Amino acid sequence: MESHKQCRAVKGTRDILPPDSALWNWFEQRARAVLESYNFREIRLPIFEETELFARSLGADTDVVGKEMYTFEDRDESSISLRPEATASVCRAYIEHGMHLLPGNQKLSYVGPMFRRERPQRGRYRQFYQIGAEVLGSSDAPAIDAEVLEMLLVLFRHVGLVNTTLYINSVGCQQCRPTYVELLRQELRKAKDQLGPDSQRRIETNPLRVLDSKLPEEQAVIERLPRISEHLCAACRQHFSELKDELNLREICFEENWRLVRGLDYYTRTTFEMTATGLGSQNAVCGGGRYDGLVELLGGRPGVKGIGFAIGTDRAILSLEAGARVPQLPGLNVFIARRGARAYPVALNIAKKLRECGLVVELPAEETNFKKALGMADKLGARYGLIIGEDEAASGTFTLKRLADADQRKLTENELLEFLESERRGSGA
Ligand code: HAM
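Just so we're aligned, residue 1062 is where the sequence shown starts under this note's numbering, counting upward by one.
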């Protein structure tokens, strides 16, 4: 114990303190309820996996695998990485547990932290949180894609995130994409000297990613590039067209964005993203798409198809806060102010009963005078102060004071329980 240097949270990580943590819990509970209503069931996954899993799934040339993973050697010298996302783990678990033998599609959801060593800024952290869902099975029907998108919109509506835009695209399949990528590469080579160093490198490693570039000086070149929609094979074109019909049938508004290629290599056909307002440059609150070959690539059964998404909870909550659409969440209902030896057992007893009724009750460990106690109740944002003095204890009554307007009433135990219970039901007190 030599140094007294203050420790701080690691760059890009943050503490979620009360009352924000209540908002996070509320958000996740609402999201879970929507996921359950669409018959998704939770899968709990490890926070770290073999590095190989992510390299094979996301692609060795992606930014996430190439630069952003927290990778370390375990004592047995295997390479381990903190998960940068969870789709790879879901597919690994699906294969490992023979889930293809289970009836129907596997509809799995997850909630938890992910880790990417990105440059931190508002809405971009090194430990961030996702709520995700994946559908795995033998069918790639566009109705599955559409249901996933419908659920996403219902979920966002449920949490009050309404200023969102849904962008969709198709990135083709193993049959048609390689030809398009080669065409893109040729066109990009012709315009190489008009591109920055990152895009120049990507011409050879991953030309699709050039479409993602936000550099103003590259936009004119990108706009003239061939578009994948004109190079999809017949099956992919039909899949995309049926998806759009399905979305229209469900009255889902969307915009097509031919440049939506996403940053991970496993995608096939449908890709999508949702943006929300109030976030500045990090405005994607959700991303996802289809990954039909991934299970096979990871050594699983050929023919298993997959689609899913992940919501960035940090950003979704930032957007809610920026739009002042944060709900009023229940806080402290009753602060008990007691005085005198006879009042103590009465206070213990009533605190227990009120908590059993679902109320949030604070019973201070030490007694103070009533004025001080009620001042504290006010500072803590309590709705009521419950006063139990020698008089009250002797007469079996309670004095209940509403702190907002100092309305005060004397009640028996039954009256008190009834009154607070009906208040709670009526106004969410
Ligand atoms: P992603 O687009 O990499 O996709 O991440 C999904 C969402 O996570 C983003 O839209 C964003 O809201 C949030 N996010 C990503 N990185 C950060 C960060 N550094 N800080 C804060 N939020 C961040 C995936 O992860 C895929 N696994 C989604 C998926 C599921 N595709 C198919 N199934």
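Even for Gly, the Cβ is constructed at its ideal location relative to N, Cα and C. Everything numeric in this text was worked out from a predicted model, so none of it was measured.
Look at the beta carbons and you see the segment 1198-1208 not touching the segment 1381-1393: under three pairs across the two are nearer than 8 Å. Remark: the shortest separation between the CB of GLN1167 and any heavy atom of ligand 1 does not fall under 7 Å.
If only complete runs of 4 or more residues are kept, the segment 1147-1175 shows the alpha helix (DSSP H) at 1148-1157, in order along the chain.
Of the heavy atoms belonging to ligand 1, none sits nearer than 7 Å to the Cβ of ALA1154. When only Cα atoms are considered, LEU1415 and THR1338 end up about 41 Å apart. For GLU1284, the enclosing alpha helix (DSSP H) has its first and last residue at 1280-1284.
Contact between ASP1375 and TYR1186 is confirmed by a C-beta separation of about 6 Å, below the 8 Å threshold. DSSP places CYS1347 within a strand segment (E or B) once states are collapsed to three.
Between ligand 1 and the CB of ASP1273, the shortest heavy atom gap is not smaller than 7 Å.
Per DSSP, LEU1249 has no beta bridge partner at all.
The distance from the Cβ of THR1266 to that of ASP1122 is about 5 Å, consistent with a contact at the 8 Å cut-off. With contact defined as three or more Cβ pairs closer than 8 Å, the segment 1292-1308 and the segment 1220-1231 are in contact. Taking the Cβ of ASP1326 as the reference point, every heavy atom of ligand 1 lies at 7 Å or farther away. For the pair ALA1154 and ALA1207, the Cα-to-Cα distance works out to about 25 Å. For THR1332, the three-state secondary structure derived from DSSP is strand. Ranked by Cα distance from PHE1370, the options GLU1138, GLU1211, GLY1165 and ASN1086 are led by GLU1211.
In this structure, ASP1375 has its CB closer than 7 Å to one or more heavy atoms of ligand 1.
If you draw a straight line from the Cα of VAL1223 to the Cα of THR1332, it comes to about 21 Å. Contact between the segment 1436-1450 and the segment 1400-1417 is present, with at least three C-beta pairs closer than 8 Å. Between GLY1348 and PHE1189, the C-beta spacing is not below 8 Å. DSSP, reduced to helix, strand and coil, places ASN1230 within a strand of the structure shown. Residue environment for ALA1116: buried (at least 16 other C-beta atoms within 10 angstroms of its C-beta).
Around the beta carbon of GLN1167, a 10 Å sphere encloses 16 or more other beta carbons of the protein chains shown; the residue is thus reported as buried. Per DSSP, reduced to three states, the secondary structure at ALA1465 is coil, with no helix or strand assignment. Annotated three-state conformation of THR1123 is coil, per DSSP.
A straight line joining the alpha-carbon of ILE1313 with that of GLN1235 spans about 28 Å. In the DSSP assignment, VAL1095 falls within the unbroken alpha helix (DSSP H) covering 1081-1098.
The three-state reading of DSSP puts PHE1315 in coil, since its state is none of H, G, I, E or B. Remark: C-beta atoms of LEU1464 and TYR1445 approach each other more closely than 8 Å. Inter-residue distance for ARG1403 and PHE1101 is about 53 Å (C-alpha atoms, whole angstroms). Contact between the segment 1392-1406 and the segment 1417-1432 is present: 3 or more CB-CB pairs across the two stretches fall below 8 Å. Counting C-beta atoms within 10 angstroms of its own C-beta, SER1082 has fewer than 16 neighbours from the protein chains shown and is therefore classed as exposed. Annotation: the continuous beta strand (DSSP E) that includes VAL1395 extends over 1395-1399.
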